[in-house]
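So for the sequence shown, my numbering puts the first residue at 63; every next one is plus one. Backbone N, C-alpha and C define an ideal beta-carbon position, used for all residues, glycine too. All of these numbers come straight from a predicted model, not from anything done at the bench.
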Amino acid sequence: MAEARCPASCGELIQGWIGGSEKLVSCPIDWFSTVEVREGVQSGEERPRMRQMLEQVVAYFGYPAALANSLSTALESTIPVGKGLASSTADIAATAVATARHLGETLSESTLAALCVNIEPTDSTIFVLPTLFSHLNAQTQFSCQPAPAVDILLLESDTTILTEEYRRHQRESTLISNAAALDDAWLRLQQSCGMQDPRLLGEAATQSAIASQALLAKPMFSQLLALVEAFDLFGVNVAHSGSAVGLMLDVRKHDAEKLRWQINQLAIDVHYPRQHLVKMVAGGVR
Numbered sequence: 063m064a065e066a067r068c069p070a071s072c073g074e075l076i077q078g079w080i081g082g083s084e085k086l087v088s089c090p091i092d093w094f095s096t097v098e099v100r101e102g103v104q105s106g107e108e109r110p111r112m113r114q115m116l117e118q119v120v121a122y123f124g125y126p127a128a129l130a131n132s133l134s135t136a137l138e139s140t141i142p143v144g145k146g147l148a149s150s151t152a153d154i155a156a157t158a159v160a161t162a163r164h165l166g167e168t169l170s171e172s173t174l175a176a177l178c179v180n181i182e183p184t185d186s187t188i189f190v191l192p193t194l195f196s197h198l199n200a201q202t203q204f205s206c207q208p209a210p211a212v213d214i215l216l217l218e219s220d221t222t223i224l225t226e227e228y229r230r231h232q233r234e235s236t237l238i239s240n241a242a243a244l245d246d247a248w249l250r251l252q253q254s255c256g257m258q259d260p261r262l263l264g265e266a267a268t269q270s271a272i273a274s275q276a277l278l279a280k281p282m283f284s285q286l287l288a289l290v291e292a293f294d295l296f297g298v299n300v301a302h303s304g305s306a307v308g309l310m311l312d313v314r315k316h317d318a319e320k321l322r323w324q325i326n327q328l329a330i331d332v333h334y335p336r337q338h339l340v341k342m343v344a345g346g347v348r
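Listed below in structure tokens is the structure:
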């Protein structure tokens, strides 16, 4: 038996047309999918693509395909599904590493990335460091220094958005039109990590969130930007292909409860009925 867990992501710090193609940097938080792989017949349900990943890892290491049929998985997850919180990436990445560990093998981050994108577009939560990642083909994997410490008031909507549905829409021309803003956001993100400056990180995320409005508008976005200004928060980040929004702050300096109260007063909670105070964490499968 072996176990692994992968963090969720509060959307992305940045996502858009960067350096000639669409890329992202995820925002890993302290919610996890934990997967256990053991010998035995599958007794419970598996989330989509977990079995596909298990079979892919067995084949990658050269074991007979029949071996996969003798293995079962168990999932424990605190990540809401369909909100842009990287639940699917967490499920399949944890499955991959747990399977490898059960087999007595190891997976490098780059190999894990290749296995994941072979199944679906993948969040960069699979990397320990903040990483600019080509989530569609894994061709770009550019790591930064560790991110500065940030707390996030995660605003969860009732709206669910399937990534496959989102990607059916033609987006390339809009992405390219915002390329300059995203290149600048990527530069700020790198600077924020090098200087351990959460305000620069918030500025980068806000730039990307503003650009994302043209692709998938978030309800009451202007009011959320006004809250950032009124409470002197670091910034706002969004799930670019989902419905979640994050208000970036420091609980030692910002009054999170007063912020929640103001969200209620402005009826922002009509669109985001659940608010969760979470922390940014390092990425990578544990």
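Apart from the five residues just before and just after Ser132, which ones in its own chain have a Cβ nearer than 7 Å to its Cβ? Within the sequence shown, the letter at position 70 stands for residue 132. So the qualifying residues of the chain are Glu101.
How far does the beta strand (DSSP E) with Ala354 in it reach, from first residue to last? Nothing can be reported for residue 354: it is not among the residues displayed for the chain, which extend from 63 to 348.
Taking the continuous alpha helix (DSSP H) assigned at Pro260, which residues delimit it? One-based indexing of the sequence shown puts residue 260 at position 198. In the DSSP annotation of this structure, the continuous segment of the alpha helix (DSSP H) that includes Pro260 starts and ends at Pro260 to Ser274.
Looking only at its own chain, which residues have a Cβ that is under 7 Å from the Cβ of Leu109, when we skip the five neighbours before and after it? As a working note, residue 109 is residue 47 in the sequence shown. In the sequence on display, residue 109 carries Arg and not Leu. Excluding residues within five positions, the ones whose Cβ falls inside 7 Å are Leu137 and Asp153.
With Glu84 as the anchor, note down where its beta strand (DSSP E) starts and where it stops. Locating residue 84 in the sequence shown gives position 22, where the first residue counts as 1. Where Glu84 is concerned, the enclosing beta strand (DSSP E) stretches over Ser83 to Glu101.
Using beta-carbon positions only, say whether Thr161 and Leu116 come within less than 7 Å of one another. Translated into the one-based positions of the sequence shown, residue 161 becomes position 99. Translated into the one-based positions of the sequence shown, residue 116 becomes position 54. Result yes, Cβ atoms of Thr161 and Leu116 sit closer than 7 Å.
Coil, strand or helix - Ile223 by DSSP: Start at 1 with the first residue of the sequence shown, and residue 223 comes out as number 161. Coil.
Roughly how many angstroms separate the alpha carbons of Val347 and Thr193, rounded to a whole number? By 1-based counting over the sequence shown, the position of residue 347 is 285. By 1-based counting over the sequence shown, the position of residue 193 is 131. Rounded to whole angstroms, the separation of the alpha carbons of Thr193 and Val347 is 14 Å.
Can you give, in chain order, each stretch of the alpha helix (DSSP H) that sits fully within the region 149-214 and has at least 4 residues? Within the region 149-214, the complete alpha helix (DSSP H) segments at least 4 residues long are 149-164 and 171-179, listed from N- to C-terminus.
By how many angstroms is the C-alpha of Leu262 removed from the C-alpha of Gln253? One-based indexing of the sequence shown puts residue 253 at position 191. One-based indexing of the sequence shown puts residue 262 at position 200. Near 7 Å, if we compare the C-alpha coordinates of Leu262 and Gln253.
Could you have a look at Glu218 and say whether DSSP puts it in helix, strand or coil? Position 156 of the sequence shown, counting from 1, holds the residue named residue 218. Note: Glu218 maps to strand in three-state DSSP.
Tell me, please, whether the region 75-89 touches the region 296-315 by the rule of three or more beta-carbon pairs shorter than 8 Å. At 8 Å Cβ cutoff, the stretches touch.
With respect to the beta strand (DSSP E) encompassing Leu339, which residues constitute its N-terminal and C-terminal limits? Your numbering for residue 339 matches position 277 in the sequence shown. Start and end: Arg336 to Lys341.
Within this structure, are the beta carbons of Thr96 and Gly144 separated by less than 7 Å? To locate residue 96, count along the sequence shown from 1; it is residue 34. To locate residue 144, count along the sequence shown from 1; it is residue 82. With contacts defined by Cβ atoms closer than 7 Å, Thr96 and Gly144 do not form a contacting pair.
For Asp317 and Val119, what's the separation of their Cα atoms in angstroms? By one-based count along the sequence shown, residue 317 stands at place 255. By one-based count along the sequence shown, residue 119 stands at place 57. Taking the straight line from one Cα to the other gives about 46 Å.
How about Ser270 and Ala247: are their beta carbons less than 7 Å apart? Taking the first residue of the sequence shown as position 1, residue 270 is located at position 208. Taking the first residue of the sequence shown as position 1, residue 247 is located at position 185. With contacts defined as CB atoms closer than 7 Å, Ser270 and Ala247 qualify as a contacting pair.
In the DSSP assignment, find the alpha helix (DSSP H) that holds Asn240 and state where it starts and stops. Residue mapping note: residue 240 aligns to position 178 of the sequence shown, counting from 1. Per DSSP, Asn240 belongs to no alpha helix (DSSP H) and is neither H nor E.
Based on the DSSP output, what are the partners of Asn299 in its beta bridges? Here residue 299 refers to the residue found at position 237 when the sequence shown is read from its first residue. Looking at the DSSP assignment, Asn299 forms a beta bridge with Gly308.
Evaluate contact between the region 158-177 and the region 185-204, counting only Cβ atoms and requiring at least three cross-stretch pairs below 8 Å. These segments touch.
Measure how close the beta-carbons of Leu321 and Phe293 come, nearest whole angstrom, since I'm counting them as under 8 Å. Here residue 321 is taken as the residue at index 259 of the sequence shown, counted from 1. Here residue 293 is taken as the residue at index 231 of the sequence shown, counted from 1. With a Cβ gap of about 6 Å, Leu321 and Phe293 count as contacting.
Applying the 10 Å Cβ sphere with the 16-neighbour rule, what's the burial state of Asp213? Position 151 of the sequence shown holds residue 213. With 16 or more Cβ atoms within 10 Å of its Cβ, Asp213 is classed as buried.
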